[in-house]
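K.L.:
Structure incoming, see below.
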Amino acid sequence: MAGHDHSRVALSDTAMSTVRRSLVAILVLAASLPGQTLKQIATIDLPGPKGQRFDYLTTDDEDQFLLSAHLGPGILYVIDMKTNKVVKAIPGVPGITGLEFVPETRKVYTSDWGEEKIGIVDLHSMAVVKRLATAAKPNGSTYAAPFHKVYVSNTLGKAVAVVDVDKDEIVKTIEFPSETGMPQYDSSARKVYVNLRNTNEIAEINPATDTLLGKYPVDGCQFNHGMAVDSEHHRAFILCSGNRTFTVFGLDTHKSIAHLPMPAGADVVKFDPGLGRIYVACSSGFISVFQAQDADHYRKLEDFAVEKMVHSLAVDSATHRVYAPEQQEHGQPVARMMVYEPVTAAPSNP
162 MAGHDHSRVA LSDTAMSTVR RSLVAILVLA ASLPGQTLKQ IATIDLPGPK GQRFDYLTTD
222 DEDQFLLSAH LGPGILYVID MKTNKVVKAI PGVPGITGLE FVPETRKVYT SDWGEEKIGI
282 VDLHSMAVVK RLATAAKPNG STYAAPFHKV YVSNTLGKAV AVVDVDKDEI VKTIEFPSET
342 GMPQYDSSAR KVYVNLRNTN EIAEINPATD TLLGKYPVDG CQFNHGMAVD SEHHRAFILC
402 SGNRTFTVFG LDTHKSIAHL PMPAGADVVK FDPGLGRIYV ACSSGFISVF QAQDADHYRK
462 LEDFAVEKMV HSLAVDSATH RVYAPEQQEH GQPVARMMVY EPVTAAPSNP
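The structure is reproduced here in structure tokens:
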């Protein structure tokens, strides 16, 4: 597509592994020194009303767009990550919670709690082109690219809706005996996983047939909602808000590997595979930062202080920047996106 940045060169697996190990070593060293794990580098003012709740974010890596859900006014923001400018504020997505970008069609599938529908936004026209009625409280979502399907959690409907992106239709609804949390696609195992937060389990779905393969207890976890996946190592990073625990779960062994504390209000977790870092947005006023030292060893680096009510974030895997929306500053209403870079060197002395 014209205007795209084609300067990103793919590295071999061996080279990428060497780069990752070097970056992890630098980050672990930096985090052991006085200072912070993140550094604010920019603030993006958003045109929507101030003081209203935000929700999930994701990235369009090809266009280098950040896509952000402003739940309160029902707006989807398209933000250029190269210039930190708002490209478009797309209305007509009432109560937008989750969102999932499908690069092949340049469409965004939005979870619109305000009307219990899945919205389909075309980024060519920057408008909603279709709405699909779904079960109660559409929420987090994930895309299984080889199967051309988006999986949308219906939290209060105790279900997962399966959207065929070729037809833009819901082709199946998978029901559960529990409220559903965040679903995630493991590209290595080619499986979809979804949190069952009332039963403290994780469910495994075969996207080829959309059948349930099993349900596994997440030991040491209460009320598991947020989740991210490290497909390379078959690990799930699960937020257990009932006991304020960050749990690393083996997707192959179906066993908990690590438990680490986190602040109250944890909602969204994102994984940066290039740095081996995991970020957790906590509405009590922190971004918790964890480091994968290897597939079986993890440690907490910092509870990085941010404004209260920050409960979502996104990571740009190319630049490693972290984006987090704010609805207040010191109790006063705002509408803005904060941009952070990871600290990769020791802070200079004053």
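Going letter by letter, the sequence shown gives residues 162 to 511 in my numbering. Cβ atoms here follow ideal geometry from the backbone N, Cα and C, with glycine treated the same way.
1) Residues in its own chain within less than 8 Å of K124 by CB, not counting five upstream and five downstream?
2) Assign A296 to one of three DSSP states: helix, strand, or coil.
3) Per DSSP, A442 is paired with what?
4) Counting only the same chain and skipping the five closest in sequence on each side, list residues whose C-beta sits under 8 Å from that of D380.
5) What are the boundary residues of the beta strand (DSSP E) that includes L357?
6) Assuming contact is defined by CB atoms lying nearer than 8 Å, are Y484 and V500 in contact in what I supplied?
7) Going by C-alpha distance, which of S349, G403, V323 is nearest L373?
8) Could you tell me whether the Cβ atoms of R460 and P503 are closer together than 8 Å?
9) Return helix, strand or coil for A479, following the three-state DSSP convention.
10) Hey, out of N315, H386, D329, H394, whose CA is closest to C443's CA?
11) Less than 8 Å between the CB atoms is what I'm expecting for L228 and V269, so what's the real figure, rounded?
12) Any idea what DSSP makes of A419, helix, strand or coil?
13) Which one of A305, G233, P208 has the shortest CA to CA distance from V247?
14) Give me the Cα-Cα distance between G411 and H395, rounded to the nearest whole angstrom.
15) Alpha carbon to alpha carbon, how far is R292 from V326? Give it in angstroms, no decimals.
16) For G492, which residues from the same chain have a beta carbon less than 6 Å from its beta carbon, with the 5 sequence-adjacent residues on both sides left out?
17) T406 lies in the beta strand (DSSP E); which residues open and close that run?
18) DSSP puts E362 in a beta bridge; with which residues?
19) Cα separation between Q213 and F308?
20) How many Å lie between G275 and Q454 at the Cα?
21) Short check: CB of G446 to CB of V476, under 8 Å?
22) Could you check where the beta strand (DSSP E) with V324 kicks off and where it finishes?
23) Go to D283, then tell me how far its beta strand (DSSP E) extends in each direction, as first and last residue.
24) Assign S272 to one of two classes, buried (16 or more other C-beta atoms within 10 Å of its C-beta) or exposed (fewer than that).
25) Looking at the unbroken beta strand (DSSP E) that takes in D533, where does it start and where does it end?
26) Taking just the CA atoms, how far does E362 sit from G256?
27) Going by DSSP in three states, P208 sits in which element: helix, strand or coil?
P.N.:
So, from the data block:
1) Missing from the structure shown is residue 124; the chain here goes from 162 to 511 and no further.
2) coil
3) In the DSSP secondary-structure assignment, A442 is bridged to V429, I448.
4) K416, S417
5) Looking at the DSSP string, the run of the beta strand (DSSP E) that includes L357 is 352-357.
6) Yes.
7) V323
8) No, they are not a contact pair.
9) coil
10) H386
11) Distance from L228 to V269 at the Cβ level is roughly 6 Å; contact confirmed, criterion being Cβ atoms closer than 8 Å.
12) strand
13) P208
14) 6 Å
15) 13 Å
16) none
17) 406-411
18) Per DSSP, L357, P378.
19) 36 Å
20) Cα to Cα, G275 sits roughly 41 Å from Q454.
21) no
22) 320-325
23) 278-283
24) buried
25) What is shown of the chain runs 162 to 511, which leaves residue 533 out entirely.
26) 27 Å
27) coil
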